[in-house]
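Chains as they are written, first to last, in the numbering used here: chain A, 1 to 286; chain B, 287 to 891.
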Amino acid sequence: MTVTPLGIPRRLLEFTIDDEKTRVPEGSTLLDACRAAGKDIPTLCHGDTLTPKSTCRICVVEVEGSRTLVPACSRKAEPGMAVRTDTARVRHSRRIVLELLASSTDLSTTPKAAEWIKKYEAKPDRFGPDAARPGEGPRVDNDLYVRDYGKCVLCYKCVDACGEQWQNSFAISVCGRGFDARIAVEHDGPLAESACVYCGNCIEVCPTGALSFRSEFDMRAAGTWDESAQTATATVCAHCEVGCTLTLHVQDNEIVKVTSPHDNPVTHGNLCNKGRFGHQHVQNRD
Amino acid sequence: MDLHFGAGGPTDDERAAVDELLGPPTSSWEGADRRDADLRWARGGRAARGRRHLLLPGLHAINDRVGWISAGALTYLCRRLTVPPAEAYGVATFYAMFSVEPRPATVLRVCTDLACAAAGASDLCAGIESRLGRGVQVERSACLGLCERAPAALAIKAGDPVRTAVSAPATVQEAVLAASSPDSAPEEPSPTTAVPQAGDPSLTLLRRVGVVDPSSLDDYRAHGGYAALRRAFELGPAGVIREVTDSGLVGRGGAAFPTGRTWQAVASQPDHPHHLVCNANESEPGAFKDRVIMEGDPYALVEAMTVAAYAIGAHRGHLYLRGEYSRAAHRMQHAVDQARARGLLGDDILGRGHAFDIEIRRGAGAYVCGEETALFRSLEGHRGEPREKPPFPGETGLFGRPTVANNVETLVNVLPILAMGAPAYAMIGTERSTGPKLFCVSGSVDRPGVYELPFGATLGEVLRLAGVRDGLRAVLLGGAAGSFVGPDELDIPLTFEGTREAGATLGSGVVMAFDDTVPLPRLLLRIAEFFRAESCGLCVPCRVGTVRQEEALHRIGERTGAAAADDIALLREVGRAMRDASACGLGQNAWNAVESAVDRLGMYG
Ligand SMILES: Cc1cc2nc3c(=O)[nH]c(=O)nc-3n(C[C@H](O)[C@H](O)[C@H](O)COP(=O)(O)O)c2cc1C
Ligand code: SF4
Ligand code: SF4
Ligand code: SF4
Ligand code: FES
Chain A
1 MTVTPLGIPR
11 RLLEFTIDDE
21 KTRVPEGSTL
31 LDACRAAGKD
41 IPTLCHGDTL
51 TPKSTCRICV
61 VEVEGSRTLV
71 PACSRKAEPG
81 MAVRTDTARV
91 RHSRRIVLEL
101 LASSTDLSTT
111 PKAAEWIKKY
121 EAKPDRFGPD
131 AARPGEGPRV
141 DNDLYVRDYG
151 KCVLCYKCVD
161 ACGEQWQNSF
171 AISVCGRGFD
181 ARIAVEHDGP
191 LAESACVYCG
201 NCIEVCPTGA
211 LSFRSEFDMR
221 AAGTWDESAQ
231 TATATVCAHC
241 EVGCTLTLHV
251 QDNEIVKVTS
261 PHDNPVTHGN
271 LCNKGRFGHQ
281 HVQNRD
Chain B
287 MDLHFGAGGP
297 TDDERAAVDE
307 LLGPPTSSWE
317 GADRRDADLR
327 WARGGRAARG
337 RRHLLLPGLH
347 AINDRVGWIS
357 AGALTYLCRR
367 LTVPPAEAYG
377 VATFYAMFSV
387 EPRPATVLRV
397 CTDLACAAAG
407 ASDLCAGIES
417 RLGRGVQVER
427 SACLGLCERA
437 PAALAIKAGD
447 PVRTAVSAPA
457 TVQEAVLAAS
467 SPDSAPEEPS
477 PTTAVPQAGD
487 PSLTLLRRVG
497 VVDPSSLDDY
507 RAHGGYAALR
517 RAFELGPAGV
527 IREVTDSGLV
537 GRGGAAFPTG
547 RTWQAVASQP
557 DHPHHLVCNA
567 NESEPGAFKD
577 RVIMEGDPYA
587 LVEAMTVAAY
597 AIGAHRGHLY
607 LRGEYSRAAH
617 RMQHAVDQAR
627 ARGLLGDDIL
637 GRGHAFDIEI
647 RRGAGAYVCG
657 EETALFRSLE
667 GHRGEPREKP
677 PFPGETGLFG
687 RPTVANNVET
697 LVNVLPILAM
707 GAPAYAMIGT
717 ERSTGPKLFC
727 VSGSVDRPGV
737 YELPFGATLG
747 EVLRLAGVRD
757 GLRAVLLGGA
767 AGSFVGPDEL
777 DIPLTFEGTR
787 EAGATLGSGV
797 VMAFDDTVPL
807 PRLLLRIAEF
817 FRAESCGLCV
827 PCRVGTVRQE
837 EALHRIGERT
847 GAAAADDIAL
857 LREVGRAMRD
867 ASACGLGQNA
877 WNAVESAVDR
887 LGMYG
């Protein structure tokens, strides 16, 4: 989570990125520093409201003296570091990571995936037609949201959002191990029999579209989902006196999903089930 | 945290197994009958989190009693410990020894890993499967750490108490007997049989194995035991750390870290408590030295941990012992209990005012839990997944506290260091690799076992000592995470610097010899299978890369030359990314053996 603390200004550290001197406040990650320096670092498991587990490894950079590459999203900047963001080694790992991901996961709704695959010249087909895939179908077991784990890159963001980092519901976890690892509720059952409170905060952080509003899922299936035809309207949730900021995404006069701004100091993008899904009542109220 | 528990309850057996570990429940929230007092009962926050570390022992308790972990049993355990059921399910499904699906009470694990494969494990497995009915689940297992007696099989029969029996070297008949009635299976041979040099007066680390009675504290003391701890008390904590630093001792667990430095780092941390962890997860294929020490000289480890704890200012020691090592676990537990009863563990050790105790925790089948940060997560009751370093364990380790994590062999080296003094110890071995070293020699040799030699012995000397057979084709140094060297490289000195210069690695001291009757492509495939199966799944390069590596080796099969070239190129590219971008040593080393087979042995060429 990148929270800028108020109060005493933090000490500045000096180090180099691609041979250019840079200064960032103590505690900054290399990703913060690289982005401040205008470098284009791809990220998947990093989210602006969460502390990343650094699982995807697409953000790796080279740090002088380090045996391996390091994930920019979690490594803290240190004075005197020499960081390189676009060496052959870095590009190689990013390309392979993209090939491994795209050969095992449906990235069709992952923003920027196609762009990165092109940029890094990744060829996911090279592993042949028999390359193993988890082969999960979408789980449509409730009216509010769909879990399509064939699109999941196991970034752990939904688990962290549902658990200790935000929601404290702990309804989902990673289960299994290695290539068989999956996101699941207890006993891998349906959502309705779990601790899920339908806050949708996992959907908010999912970087791949593996988790989506039922409305979006159905419209995509019907071929009617069209982001260019959608408007986003800011409003305030009327369900309780907290008054969370909502963004209503509307297509053809229908609310198709509800989000909240990640930089909002109250919600950080999180809502409760009334804010997230309560519009269904609005719409049903004719 | 507002937890939601499913409706299903435990069976009587499951409840009894959990209650035996945790005591009876105290309120209906924990699953007891409802009483008035429950209305005033609350446990949340810190108190609840404080019990999370009991999750793994709880899962063991259920699995040991029933053979698998049902939804009702898991829910009951979660209630007792205030753990979210989804997380507990994630933990239960992480470990190879647990099952959340019903299965027979008896599981027979037949090792099909490197040494056992070379000793005919696949025929053994087929024979066993044709003889055993559905009452026993036969599983093909990763290395069981019994390579000196390959091929090996381990039977585990759930019940009260759980029974285990080892059959090694196994025949179909003996393995079937072990599985069908573990109680009447013949006793395992003494650990002495794993030490061909036993009784040799020049031994240091292994000198008591096969000489002392491993159950007797008196016998241990009669053979020099507890002299090192007395010496430690004379030196004081800073003096002990100085000796260990001056001795040049370097960790034997694979990462080759200077031990004195890590101890000093923790000792000087103002944040308390400090923790000591002994890493006895020993799951590297080909490694079995830690098992032999724990089975043959268990008090040495108890004493060594006590010295280490005194030096770093820790009052709690955690021995994380590989789940499959049941004899080692029994002997260590007995030794810890005896030491406690005699005032050698507890509040006031030897009347010197130092308080220290050891808790033994069983792993549950996960190689990755040997990685120190994964080991801490496992001990804390979470999935055994590594985390990014820094911060290093010396600063943020077990339960977020400054922690020293050392290998078994590293720790027992501290005893001779204190006994002979740092200068004398540093004279053993070479300048940069000091002291004696244990080697786990197996495969195509006449006398497999653990060998102790001063650092500096060459690969050829070690192999000759073990009676290497004719027709040597390759030696795997350092285990599955290590690398192959050829028969023309036997003059490599087995030191940290010598192996590094040769572009190989010493790892944890595994030396596996393979003669030309062993099909190398099959071995490589087995290594690839091992990494795929043991990847924790956290990071993409390893989670998917190990699968693509195994697929490519399958495709190549016995092909060579141009017919294999494309897949070799692919392996190289995936391997390079696994090495560069994986989060922990498992993924970073998953391609070492394959790479060395291609580049040094000329395989597929
Ligand atoms: C996948 C993996 C498995 C490991 N397994 C073990 C093990 O079983 N025992 C061990 O002592 N160290 C193991 N290590 C090394 C530990 O992380 C750590 O470096 C070691 O316990 C430190 O102790 P030392 O300094 O005494 O060697 C493993 C490392 C990795 C990456
Ligand atoms: S909707 Fe909320 S409670 Fe349910 S799984 Fe997602 S984050 Fe957890
Ligand atoms: S469902 Fe989405 S947020 Fe959750 S792990 Fe998968 S990709 Fe990440
Ligand atoms: S390298 Fe492999 S074992 Fe290590 S964290 Fe990544 S997936 Fe897990
Ligand atoms: S964005 Fe850094 S590892 Fe995923």
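In this text, a Cβ means the ideal position worked out from N, Cα and C, and glycines have one as well. Only a predicted model underlies this, so the values are computations on that prediction, with no experimental measurement involved.
Can you list the residues of chain B that residue i reaches, using a CB-CB cut of under 7 Å?
i	result
A:S173	A372, E373, Y375, G376
A:H46	By Cβ distance, chain B contributes nothing, its closest Cβ being about 12 Å from A:H46, past 7 Å.
A:R23	Result: empty, since nearest Cβ-Cβ is about 21 Å, beyond 7 Å.
A:F170	M287, P370, A372, E373
A:V258	Ordered by position in chain B, no residue passes the 7 Å Cβ test against A:V258, which lies about 23 Å from the chain.
Chain A partners of residue i, CB-CB under 8 Å?
i	result
B:F816	Chain A residues near B:F816: none, gap ~11 Å exceeds 8 Å.
B:T379	C175, G176, R177
B:P827	R57, S93, I96, V97, L100
B:R366	Correct list: empty, because the minimum Cβ distance to chain A is about 15 Å.
B:G823	L154, V174, G176, R177, G178, F179, D180, A181
B:E859	H92, I96
Just mark residue i as buried or exposed, buried being the case when its beta carbon has 16 or more other beta carbons within 10 Å.
i	result
A:L12	exposed
A:T224	exposed
B:L325	In this prediction, B:L325 has a pLDDT of 49, which is less than 50 and means its spatial position is unreliable; nothing more can be read from the coordinates.
A:D106	buried
B:C822	buried
A:V236	exposed
B:A382	buried
B:R750	exposed
A:V266	exposed
A:C199	buried
A:S66	exposed
B:Q624	buried
A:M81	buried
A:K21	exposed
A:T87	exposed
Near residue i, which residues of its chain fall below 6 Å by C-beta distance, leaving aside the five closest residues on each side in sequence?
i	result
B:A600	H560, H561, L562
B:R395	E425, S427, L440
B:G719	Reading off the sequence shown, one finds Ser at residue 719 of chain B, where the question assumed Gly. Closer than 6 Å at Cβ, skipping near neighbours: F741, T781, F782.
B:A405	A436, P437
B:T478	A484, G496
B:G540	G793, S794
Within the same chain, show all residues whose beta-carbon is closer than 7 Å to that of residue i, passing over the 5 residues directly before and after it, in chain order.
i	result
B:A328	Here the model assigns B:A328 a pLDDT of 48, short of 50, so the residue's position is not dependable and the matter cannot be decided.
B:E815	E836
B:R865	Q874, W877
B:L697	C564, L587, A590, M591, A594
B:V687	Here the sequence assigns Arg to residue 687 of chain B, which means Val is not the residue at that position. Once the five neighbours on either side are set aside, the close Cβ partners of B:R687 are D557, P559, H560, H561.
Could you name the residues of chain B that residue i contacts, counting a contact when the two beta carbons are closer than 8 Å?
i	result
A:T68	R865, D866, A867, S868, Q874
A:A132	V833, E837
Starting from the beta carbon of residue i, find every residue of chain A whose beta carbon is closer than 9 Å, and list them in chain order.
i	result
B:L856	R126, F127
With a threshold of 8 Å on Cβ separation, who are the neighbours of residue i within its own chain once the five nearest residues in sequence on each side are excluded?
i	result
A:L211	Y145, V146, R147, D148, C158, C202, I203
A:K123	E99
Just to make sure I have the definition right: I need the residues of chain B whose C-beta is within less than 9 Å of the C-beta of residue i. Which are they?
i	result
A:P261	Result: empty, since nearest Cβ-Cβ is about 27 Å, beyond 9 Å.
A:S54	R673, E674, L824, C825, A869
task: Pull every residue with its beta-carbon under 6 Å away from any heavy atom of ligand 2, and keep them in chain order.
output: A:A161, A:C162, A:Q167, A:S169, A:A171, A:I172, A:C196, A:V197, A:Y198, A:C199, A:G200, A:N201, A:C202
- request: Using a Cβ-Cβ cut-off of less than 8 Å, list which residues of the stretch 790-821 of chain B approach chain A; keep chain order.
  value: R818, A819, E820, S821
- request: Output, in sequence order along the chain, the residues in the stretch 180-213 of chain A whose CB is closer than 8 Å to any CB in chain B.
  value: The residues in question are D180, A181, A184, V185, E186, H187, D188, E193, S194, A195.
query: Residues in the stretch 119-144 of chain A with C-beta within 9 Å of chain B's C-beta atoms, listed in sequence order?
result: Listed in chain order, the positions of the stretch 119-144 of chain A with a beta carbon within less than 9 Å of a beta carbon of chain B are R126, F127, G128, D130, A131, A132.
- prompt: Which residues, in chain order, does the stretch 290-303 of chain B contribute to contact with chain A at a C-beta distance below 8 Å?
  reply: H290, G292
query: Listed in chain order, which residues of the stretch 643-672 of chain B have Cβ atoms closer than 7 Å to some Cβ of chain A?
result: Residues passing the 7 Å Cβ filter: R669.
message: Can you pull out the residues from the stretch 684-696 of chain B whose beta carbon lies closer than 9 Å to at least one beta carbon of chain A?
response: Here the close residues number zero.
- prompt: Closer than 8 Å, Cβ to any Cβ of chain A: which residues of the stretch 602-615 of chain B, in chain order?
  reply: Those would be none; no residue qualifies.
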